[in-house]
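Numbering (full-length UniProt numbering), first residue to last: 1 to 188.
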């Protein structure tokens, strides 16, 4: 004969243990999220993305000012000043910042280097390219610019992500024009 009181008691212990495990997992995840959010953002920390494209195509892509304007987003415009010189215009909450860089081809990739003055180093956006272990090309981007609040690790990763999308699909993913925000038929 089945002792239902014992079955109910055991089920209660299982539920208590499950709740304890869920609470422990929540504390662990909460601690992880807190550490990630509280960690200071270092704009100079390089970000890396792999693209299914040969190195030569990646280098050609990053030398085009129109591509640079697209991958850095709505707040950046890059234009050619003269051969191997680009003008970067960054629009942010504090106004517009503009500087010129020369384009240096290095053994690692490309460096967009601004002029140094005696007191402060000039802006640098450095792209390193290398063969990816399983094919394609790894792109690593690091930015040291006069607008550190604008150029964060997140922005450099976004630029790499957009560059990969453009090279592989010919377009940048967007939510603009998404029907998810439209009114339903009942709301009209």
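Note that beta-carbon positions come from the ideal geometry of N, C-alpha and C, so glycine has one too.
Measuring only the C-alpha atoms, how far is residue 173 from residue 158? 11 Å
Entirely within the stretch 51-112 and at least 3 residues each: give me those beta strand (DSSP E) ranges in chain order. 76-82, 85-92, 95-105
Host beta strand (DSSP E) of residue 45 (start-end): No beta strand (DSSP E) holds residue 45; DSSP gives it neither H nor E.
If you follow the alpha helix (DSSP H) that residue 158 is part of, which residue opens it and which one closes it? 153-169
Using a Cβ-Cβ cutoff of less than 6 Å, which residues in the same chain neighbour residue 91 once the five nearest sequence positions on both sides are dropped? 75
Other residues of its chain near residue 113: CB distance less than 7 Å, five sequence neighbours each side excluded: 101, 102, 104, 122, 124
Have a look at residue 23 and residue 13 and give me their C-alpha separation to the nearest angstrom. 15 Å
Under three-state DSSP, which class holds residue 6? helix
Got a sec, what are the start and stop residues for the beta strand (DSSP E) residue 144 sits in? 137-144
Can the beta-carbon of residue 127 be found less than 7 Å from the beta-carbon of residue 110? yes
Which residues share a DSSP beta bridge with residue 114? 101
Is it true that the CB of residue 50 sits closer than 7 Å to the CB of residue 140? no
Buried or exposed, going by whether 16 or more other CB atoms sit within 10 Å of the CB of residue 58? buried
Thinking residue 89 and residue 96 are a contact (beta carbons under 8 Å), I'd like their distance in whole angstroms, please. 6 Å
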